[in-house]
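Accompanying notes for the structure given below.
Residue numbers (this note's numbering): 301 to 701.
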């Protein structure tokens with residue numbers, strides 16, 4: 301088979317769970333059992349059924365599964381799904397994948413799954429705060445886990461990922477300690493840092509973990525959206541105007557209806573229809589919508605916000621943008637209302653006072669969005685916000701992928 305991502309799982313339910321993480325992130329995913337065969341799915345999950353096997357037999361099962369995979373130009377990313385409590389011959393399976401891939405491959409191992417109480421701290425796998433070997437898993441009648449310290453289990457180094465490091469530095473830290481490295485993850489932010497490092501390693505990486513790491517890789521491995529970032533500036537504050545001017549000077553396409561067009565329903569409809577039609581065939585990275593700044597113009601702020609919100613909604617439907625940047629409270633509310641969104645699920649910030657998140661509710665739930673008050677931010681804040689939105693990983697709950 302030739303797929304973009306191949307999941308090798310030690311049992312069927314794990315294969316299904318991991319494939320489900322990719323499905324929720326917008327991939328086409330397929331679970332195969334038996335001999336398998338050609339697939340048009342972007343992600344194919346294969347079960348090696350190796351959890352209860354002796355190490356040598358488990359390694360053979362992994363090699364047999366890998367023989368089905370075609371590594372064409374660009375290769376297929378490999379995700380070795382292991383049990384989140386380390387049951388099974390984890391070392392044998394990991395070593396088999398590394399040997400099969402060859403070259404300078406680095407296996408990055410992190411079984412953490414914080415959502416279900418599995419965390420990695422100083423190399424020790426904890427289950428709800430207790431070392432895994434001291435839990436009921438240590439007494440499992442078929443696959444008891446005797447070792448909680450993953451570096452000891454795998455005879456591999458523990459690499460601490462500096463939260464201040466950029467992606468290239470994270471990758472270099474792992475590459476220098478391979479071919480098998482173990483990393484900690486106390487929470488989802490740590491797991492996302494691991495996913496970023498795996499992404500930066502490119503074809504040199506084999507990710508080894510539970511469904512927890514798979515969920516973050518499913519978002520990070522996904523190609524960035526091709527549509528533009530849509531910036532809506534409804535604020536009349538001089539700061540926002542200056543920021544929008546700088547964004548336009550950096551190459552963004554600016555759309556700025558005059559006061560007469562904003563105030564006349566017929567003229568506005570003709571203008572909006574023309575803008576949507578032109579935008580559908582234009583090629584640009586950032587599109588800026590802003591109201592008239594004509595001196596003496598007497599357009600009510602609510603009219604400006606409403607018009608821009610309605611046009612933004614039409615452009616979102618047509619362009620499927622990478623995300624939104626909303627400057628000005630009235631306009632931000634108008635855009636969310638026009639998109640039938642119920643709110644924003646926050647995930648971080650571009651800068652102080654400029655939160656970053658994802659739309660909730662409506663047909664565009666999961667679309668990345670940044671907001672800011674009119675008077676907030678440095679001169680380049682809209683440029684930085686547009687870049688942050690474009691580089692945001694796709695939300696697994698996104699409706700329009």
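Note that beta-carbon positions come from the ideal geometry of N, C-alpha and C, so glycine has one too.
* Three-state secondary structure (DSSP) of residue 649 -> Walking along the chain shown from the start, residue 649 turns up at place 349. Three-state DSSP puts residue 649 in a strand.
* **Three-state secondary structure assigned by DSSP to residue 683** => Sequence index remark: in the chain shown, residue 683 carries index 383 (1-based). Helix at residue 683.
* For residue 428, three-class secondary structure by DSSP -> Locating residue 428 in the chain shown gives position 128, counting from the first residue. Residue 428: coil per DSSP, three-state reduction.
* Decide if residue 442 is buried, meaning its Cβ has at least 16 other Cβ atoms within 10 Å, or exposed. => Residue mapping note: residue 442 aligns to position 142 of the chain shown, counting from 1. By the 16-neighbour rule on beta-carbons within 10 angstroms, residue 442 is exposed.
* Asked: Hey, quick one: how far does the beta strand (DSSP E) through residue 668 stretch, first residue to last?
  -> What you label residue 668 is simply residue 368 of the chain shown in a count that begins at 1. 668-672 is the extent of the beta strand (DSSP E) around residue 668.
* Going by other Cβ atoms of all chains shown within 10 Å of its Cβ, with 16 needed for buried, is residue 580 buried or exposed? -> Position 280 of the chain shown, counted from the first residue, corresponds to residue 580. Result: exposed.
* Is the segment 440-457 touching the segment 383-403, taking contact as three or more C-beta pairs under 8 Å? -> yes
* Beta-carbon proximity check, residue 518 vs residue 317, cutoff 8 Å -> Taking the first residue of the chain shown as 1, we reach residue 518 at position 218. Taking the first residue of the chain shown as 1, we reach residue 317 at position 17. No.
* **Alpha-carbon spacing of residue 461 relative to residue 685, whole angstroms** => Stepping through the chain shown from its first residue, residue 461 is reached at position 161. Stepping through the chain shown from its first residue, residue 685 is reached at position 385. Their backbone Cα atoms lie some 26 Å apart in a straight line.
* Asked: For the putative contact between residue 547 and residue 576, defined by C-beta atoms under 8 Å, what is the C-beta separation to the nearest angstrom?
  -> Numbered from its first residue, the chain shown carries residue 547 at position 247. Numbered from its first residue, the chain shown carries residue 576 at position 276. Not really, about 21 Å apart at Cβ, beyond 8 Å.
* To do: Note down, one range per segment and in chain order, each beta strand (DSSP E) of at least 3 residues found wholly within the segment 365-451.
  => 377-381, 406-410, 418-421 and 424-427
* To do: Classify residue 678 as buried or exposed, calling it buried when 16 or more other Cβ atoms lie within 10 Å of its own Cβ.
  => One-based indexing of the chain shown puts residue 678 at position 378. Classification of residue 678: exposed, given that the 10 Å Cβ count is below 16.
* Are the Cβ atoms of residue 351 and residue 310 separated by less than 8 Å? -> For the purposes of this step, residue 351 is taken as residue 51 along the chain shown, with counting starting at 1. For the purposes of this step, residue 310 is taken as residue 10 along the chain shown, with counting starting at 1. Their beta carbons are under 8 Å apart, which means residue 351 touches residue 310 by this criterion.
* Asked: Which same chain residues, not among the five before or five after residue 448, have their C-beta less than 6 Å away from its C-beta?
  -> Along the chain shown, one-based indexing puts residue 448 at 148. Excluding positions up to five away in sequence, the list reads 424, 425, 431, 432 and 433.
* Kindly indicate which three-state DSSP category residue 491 falls into: helix, strand or coil? => The residue labelled residue 491 in the question sits at position 191 within the chain shown. Three-state result, residue 491: helix.
* Asked: If residue 409 and residue 418 are in contact, beta carbons under 8 Å, what's the gap, nearest whole angstrom?
  -> For the purposes of this step, residue 409 is identified with residue 109 of the chain shown, where counting begins at 1. For the purposes of this step, residue 418 is identified with residue 118 of the chain shown, where counting begins at 1. Their Cβ separation, rounded to whole angstroms, is 13 Å, which puts residue 409 and residue 418 out of contact at 8 Å.
* DSSP three-state call for residue 557: helix, strand or coil? -> Looking up residue 557 in the chain shown gives position 257. In the structure shown, the three-state DSSP call for residue 557 is coil.
* Just grab the DSSP bridge partners of residue 575 for me. => For the purposes of this step, residue 575 is taken as residue 275 along the chain shown, with counting starting at 1. DSSP, once it has assigned bridges, lists no residue as partnering residue 575.
* Helix, strand or coil: which one does DSSP assign to residue 320? -> Start at 1 with the first residue of the chain shown, and residue 320 comes out as number 20. Residue state, collapsed to three classes: helix.
* Where the alpha helix (DSSP H) through residue 512 begins and ends -> Mapped onto the chain shown, residue 512 falls at position 212. It spans 511-520 - the alpha helix (DSSP H) in which residue 512 sits, taken as one unbroken run.
* Give the straight-line distance between the Cα atoms of residue 404 and residue 504, rounded to the nearest whole angstrom. => On the chain shown, position 104 is the one that residue 404 refers to. On the chain shown, position 204 is the one that residue 504 refers to. The alpha-carbon atoms of residue 404 and residue 504 are separated by roughly 6 Å.
* To do: Below 6 Å CB to CB, which residues in the same chain sit around residue 584 once its five sequence neighbours on both sides are set aside?
  => Here residue 584 refers to the residue found at position 284 of the chain shown. Excluding residues within five positions, the ones whose Cβ falls inside 6 Å are 528 and 553.
* When you compare only the Cα positions, how much space is there between residue 650 and residue 361? -> Here the question's residue 650 lines up with position 350 in the chain shown. Here the question's residue 361 lines up with position 61 in the chain shown. Straight across, the Cα-Cα distance linking residue 650 with residue 361 is about 46 Å.
* Asked: Thinking C-beta only, is residue 325 closer than 8 Å to residue 307?
  -> Your numbering for residue 307 matches position 7 in the chain shown. Your numbering for residue 325 matches position 25 in the chain shown. No, they are not a contact pair.
* Asked: Roughly how many angstroms lie between the CA atoms of residue 646 and residue 472, to the nearest whole one?
  -> As a first step, residue 646 must be located in the chain shown, where it is residue number 346. As a first step, residue 472 must be located in the chain shown, where it is residue number 172. Their Cα atoms are separated by approximately 30 Å.
* Euclidean distance between Cα positions of residue 663 and residue 359 -> Working through the chain shown from its first residue, we reach residue 663 at position 363. Working through the chain shown from its first residue, we reach residue 359 at position 59. Residue 663 and residue 359: Cα-Cα distance of roughly 45 Å.
* To do: Under 6 Å Cβ to Cβ from residue 627, same chain only, skipping five residues before and after it: list those, please.
  => By 1-based counting over the chain shown, the position of residue 627 is 327. Result list for residue 627: 533, 535, 540 and 672, in chain order.
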